[in-house]
Amino acid sequence: MSGAVRKALTIAGSDSGGGAGIQADLKTFQELGVFGMSAITAVTVQNTLGVRNVYPLPPEAAAEQIEAVGSDLAPDALKTGMLFSAEIIRAVAAQIRAFGWSRVVVDPVMIAKGGATLLLPEAVAALKEELLPLAQVVTPNIPEAEALSGIPIRGMSERREAAKRIHSLGAKHVVIKGGHDESGRGERIVDLLYDGAGFTEFGGQRIMTRHTHGTGCTFSAAVAAELAKGTAAAEAISTARAFIQAAIEDELALGLGHGPTNHWAYRRRMEQGGRP
Ligand SMILES: Nc1ncnc2c1ncn2[C@@H]1O[C@H](COP(=O)(O)OP(=O)(O)O)[C@@H](O)[C@H]1O
Ligand SMILES: Cc1ncc(COP(=O)(O)OP(=O)(O)O)c(N)n1
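Mapping to numbering that gives the first Met the number 0: the sequence shown position 274 is 273, numbers consecutive.
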């Protein structure tokens, strides 16, 4: 039995409110049938109203956790989330290189919805130089794609150009998510994939809700869970889109602010034999 168990590692920050970060990632892994492991980079003091404080851990703490997991439990895939500083990025990248891991999802978390800094601005260069070349999949939202590519994104043609530029930094698959797309604020939401050869659009209905805390974390964790099963990148992204769509649609409405998404929704729907 244990040989069949697929394992995924999240390297990210802790969200005390449970909607984003490590907590969202582990829930997503569990719901997609993958054993979850974690290396914590920072502790945030956070709830649905926002991030009150950030306590980054020493880079060695991140490196040691990754080494402990890697040398014993051999993850089939991993994702990175909030990394906070250039020093932590370098420590994480060194471990990924040392283990030779290739099923790597980089969620280039920069700023929380409420405006809190989750990546120091001076660490963007380290993210581009150290981590993107190791990424099988990178999942920026639109502001993150602007920071990584250096171009402003107003519509789909700039999004395509930004995806090409980020791909040239070494990431094999670039998904620029559409949650922040002001031009398309209508019925549809589109996540755009570029794999170096062409573009694929993953669309869905835009749900009008304020309860979208942790959507990016959950999406990238779902991609990592699917990669851990040996699924190809495009199919993993398709499943992740269905997972997050269900998680937003089946609203939990928890907390006084931007509530978390519903990590149970996708599996419940699948078990009921309905649409994902
Ligand atoms: N209102 C929404 N309705 C449906 N899907 C959404 C909505 N907001 C975000 N998503 C999806 O959630 C994921 C994260 O999107 P986005 O908001 O762009 O990233 P982030 O959470 O990193 O800022 C994407 O797959 C996106 O399509
Ligand atoms: C600890 C931690 N990590 C990441 C985030 C950002 O999560 P994201 O999925 O981008 O969702 P929002 O914060 O934008 O709602 C976070 N808040 N905390």
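Heads up, the beta-carbon is just placed ideally off N, CA and C, and yes, glycines get one too.
Have a look at residue i and residue j and give me their C-alpha separation to the nearest angstrom.
i, j, result
"Phe98", "Glu66", "9 Å"
"Glu63", "Glu186", "45 Å"
"Val105", "Val136", "6 Å"
"Ala19", "Leu253", "13 Å"
"Lys176", "Lys112", "15 Å"
"Ala227", "Met269", "19 Å"
"Glu181", "Glu145", "14 Å"
"Asp249", "Arg158", "29 Å"
"Ala161", "Ile95", "26 Å"
"Leu72", "Gly154", "43 Å"
"Pro259", "Ile247", "9 Å"
"Leu251", "His257", "11 Å"
"Leu255", "Gly213", "15 Å"
"Thr47", "Arg5", "31 Å"
Would residue i pass as a contact of residue j if the rule is Cβ separation under 8 Å?
i, j, result
"Asp190", "Phe201", "yes"
"Ala224", "Thr27", "yes"
"Gly229", "Leu117", "no"
"Pro139", "Leu147", "yes"
"Met36", "Val68", "yes"
"Cys216", "Asp24", "yes"
"Pro58", "Ile87", "yes"
"Leu192", "His172", "yes"
"Glu30", "Tyr265", "yes"
With H, G and I counted as helix, E and B as strand and the rest as coil, what does DSSP make of residue i?
i, result
"Lys163", "helix"
"Met36", "strand"
"Leu192", "strand"
"Ala134", "coil"
"Ser70", "helix"
"Gln204", "strand"
"Ala233", "helix"
"Ile110", "strand"
"Asp14", "strand"
"Gly256", "coil"
"Ala241", "helix"
"Pro57", "coil"
Should residue i be labelled buried (16 or more other beta-carbon atoms within 10 Å of its own) or exposed?
i, result
"Leu131", "buried"
"Gly272", "exposed"
"Pro329", "Only positions 0 to 275 of the chain appear in this structure, which leaves residue 329 out of reach."
"Val91", "buried"
"Asn52", "exposed"
"Lys78", "buried"
"Ala7", "buried"
"Met129", "A quick correction: the sequence has Glu, not Met, at residue 129. That one is buried."
"Gln45", "buried"
"Pro55", "buried"
"Gln204", "exposed"
"Arg102", "buried"
Inter-stretch contact at 8 Å, needing at least 3 Cβ pairs: the stretch 231-247 / the stretch 203-221: yes
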